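Notes to accompany the following structure.
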Amino acid sequence: MERPLPKNKVLRSKIRQRSKYMKKKQKKKEKEQRKMEAEARGEDWRKQPLTLEDKRVSVGDDFSAGERLVVDQFISDEFSPVFSGTITPKVVIVPGLKATRITYTFISELLQVIPNSVFFKRKQSSLAQASASASQKGFTDLIVMEENRKQITGLFHIHLPTGPCAYYRIRNYIPCKNIVGHGRSNTSKPEVILSHFTTALGIRVARMLGALFALEPEYSGRQVVTLHNQRDFIFFRFHRYQFDEQGKKVSLQEQGPRFTLLLQQLIKGLPGDDNAEVEFRKRKASKYEFFL
462 MERPLPKNKV LRSKIRQRSK YMKKKQKKKE KEQRKMEAEA RGEDWRKQPL TLEDKRVSVG
522 DDFSAGERLV VDQFISDEFS PVFSGTITPK VVIVPGLKAT RITYTFISEL LQVIPNSVFF
582 KRKQSSLAQA SASASQKGFT DLIVMEENRK QITGLFHIHL PTGPCAYYRI RNYIPCKNIV
642 GHGRSNTSKP EVILSHFTTA LGIRVARMLG ALFALEPEYS GRQVVTLHNQ RDFIFFRFHR
702 YQFDEQGKKV SLQEQGPRFT LLLQQLIKGL PGDDNAEVEF RKRKASKYEF FL
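Here you go:
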């Protein structure tokens with residue numbers, strides 16, 4: 462049984478300091494002992510730091526790098542005609558119902574990134590009407606922006622003609638002009654890098670995003686689009702390769718825009734279809750659970 466601390470403030474402080482010193486000394490002694498034992502076995506004595514990825518709880522079907530390659534080669538879904546080269550992506554981007562300058566700025570930047578993309582005014586049509594109209598005109602994808610209080614808050618991505626339809630929340634949007642040292646994009650088709658999508662749902666989302674871009678990048682343009690998944694946050698970056706005069710060293714110059722996507726919902730169908738299957742809906746989960 463521990464003795465109660467004295468009422469004197471100075472004595473209590475000295476006792477706490479002494480206790481803290483002894484705990485630190487004991488911890489150092491255990492560390493030295495662990496180091497000696499590990500070196501005798503020829504092992505690394507340092508403890509590996511634990512991250513959220515190390516503590517990850519499996520929610521879906523996880524695939525290794527080799528398995529993901531096999532899945533991508535033999536998968537058959539709504540995006541197969543695009544990846545097989547049968548259909549060339551054709552994207553239409555429309556603003557929200559009450560769009561302001563920031564939405565039009567974002568759309569103009571996306572038009573420079575996504576090949577074969579055009580802009581149309583939405584007017585007062587619903588998502589279902591806009592999807593039907595875009596499908597009749599031969600577009601493969603429809604992107605609808607969402608704005609609230611002069612801030613871009615969300616993005617609808619609808620794959621035509623039968624779906625699926627995804628809704629993303631947009632965070633940390635930075636226009637091109639606000640990126641220090643940004644470059645200017647050209648008209649060449651960029652390369653596309655889809656990284657760290659490890660589950661069945663993640664691969665499906667990655668293929669849906671990848672289907673926006675042409676499959677024949679023009680390497681002479683030295684442009685690359687990166688969609689990197691980290692803890693279910695999809696980071697969008699647009700860079701250009703820069704080579705030195707000797708052509709040996711390479712660096713990256715960001716062109717923008719820069720933003721983050723957070724998947725909220727994915728339905729297997731078009732907007733307005735009440736019978737469409739809900740493939741994913743964002744829910745409260747443990748910080749160790751990742752879906753993509």
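Numbering-wise (the working numbering), the sequence shown opens with residue 462 and increments by one. Where a beta carbon is used, it is the ideal one built from N, C-alpha and C, also for glycine. The model shown is predicted, which means the values in this text are computed figures rather than measured ones.
Report task. Return the CA-CA distance between Ala589 and Arg701, expressed in angstroms with no decimal places. Result -> 37 angstroms
Query raised in the report: Taking contact to mean at least 3 C-beta pairs separated by less than 8 angstroms, is the segment 562 to 578 in contact with the segment 629 to 643?
Result: yes
Query - Whole-Å CB distance - Ala436 paired with Val553, under 8 angstroms assumed - result: Absent from the structure is residue 436, since the part of the chain shown begins at 462 and ends at 753.
Query raised in the report: Considering only the beta carbon of each residue, do Ile640 and Val685 sit closer than 8 angstroms?
Result: no
**Report entry** Which listed residue (Asn577, Pro576, Leu676, Ser592) has its alpha carbon closest to that of Arg583
**Finding:** Ser592
Query raised in the report: Out of curiosity, what's the CA-to-CA distance linking Val518 and Ser747?
Result: 9 angstroms
Report task. Decide if Leu621 is buried, meaning its Cβ has at least 16 other Cβ atoms within 10 Å, or exposed. Result -> buried
Query raised in the report: With burial defined as no fewer than 16 other Cβ atoms inside 10 Å of the residue's Cβ, what is the status of Phe540: buried or exposed?
Result: buried
Query raised in the report: To which residues of the same chain is Gly599 closer than 7 angstroms at the C-beta, ignoring the five residues directly before and after it?
Result: Lys551
Query - Spatial distance of Ser712 from Arg719 (CA atoms) - result: 18 angstroms
Query raised in the report: In chain order, what residues of the same chain have a beta carbon less than 6 angstroms from the beta carbon of Lys650, not counting five sequence neighbours either side?
Result: Pro576, Ala675, Pro678, Glu679
**Report entry** Per DSSP, the bridge partner or partners of Asp602
**Finding:** Val552, His620
Report task. State yes or no: is the C-beta of Pro625 within less than 8 angstroms of the C-beta of Ile548? Result -> no
Report task. Given a cut-off of 8 angstroms, decide if Glu607 and Leu446 are closer than it, judged by their beta-carbon atoms. Result -> Nothing can be reported for residue 446: it is not among the residues displayed for the chain, which extend from 462 to 753.
Requested in this report: Between the Cα of Arg668 and those of Asn690, Asn647, Arg683, spot the shortest distance and give me the residue it belongs to.
Outcome: Asn690
Requested in this report: Count the other CB atoms, across all protein chains shown, that sit within 10 Å of the CB of Pro556; report buried if there are 16 or more and exposed otherwise.
Outcome: buried
Query - Neighbour-count burial assignment, Phe697, 16 or more Cβ in a 10 Å radius - result: buried
Report task. Flag this pair as yes or no: are the beta carbons of Leu722 and Tyr628 separated by less than 8 angstroms? Result -> no
Report task. Assign Phe697 to one of three DSSP states: helix, strand, or coil. Result -> strand
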